[in-house]
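Numbering (full-length UniProt numbering), first residue to last: 1 to 134.
Just so you know, even glycine gets a beta-carbon here, dropped at the ideal spot from N, CA and C.
Source: prediction; values computed, not measured.
One structure is given here, and the rest of the page talks about it.
What follows is the structure in structure tokens.
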């Protein structure tokens, strides 16, 4: 049973502890590059996308997209969050992608009573083990 939620705001350290226990929701600004990202490496916004995004934010035309953070790590000392996208499995790598940590915002997760979550045994981690990131 869900009893509310925990709002972590943009606490990037606190979210790591939360992810070790369960998936965490966040949002990302939608840009052309994000829509076209096919999962090769870690997604980082291009300078062109960043410039357009700043204009969109100023004009209140920015678009946000909710994602589920299911893991985290680093490649070549570049920290990322592993996200599961809700669009479909043809995006990223089978619906998953590594995204630069600084690009995700406003973390939250539900307070769930009697939820058994242990790394490697829960539903979401069993799917992560099968994800082949390019």
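Inter-residue spacing [alpha-carbon to alpha-carbon] between residue 110 and residue 6
6 Å
Residue environment, residue 75, which counts as buried when at least 16 other CB atoms sit within 10 Å
exposed
Alpha carbon to alpha carbon, how far is residue 38 from residue 99? Give it in angstroms, no decimals.
12 Å
Beta carbon of residue 49 nearer than 8 Å to that of residue 56:
no
Below 8 Å CB to CB, which residues in the same chain sit around residue 42 once its five sequence neighbours on both sides are set aside?
75, 78, 80, 98, 99 and 100
With H, G and I counted as helix, E and B as strand and the rest as coil, what does DSSP make of residue 117?
Here the model assigns residue 117 a pLDDT of 46, short of 50, so the residue's position is not dependable and the matter cannot be decided.
Whole-angstrom distance between residue 22 and residue 106, CA atom to CA atom
16 Å
Would you decide whether residue 9 is buried or exposed? Buried here means 16 or more other CB atoms lie within 10 Å of its CB.
exposed
Quick check on residue 33: does DSSP put it in helix, strand or coil?
helix
Rounded straight-line distance, which links the Cα of residue 20 to that of residue 71
8 Å
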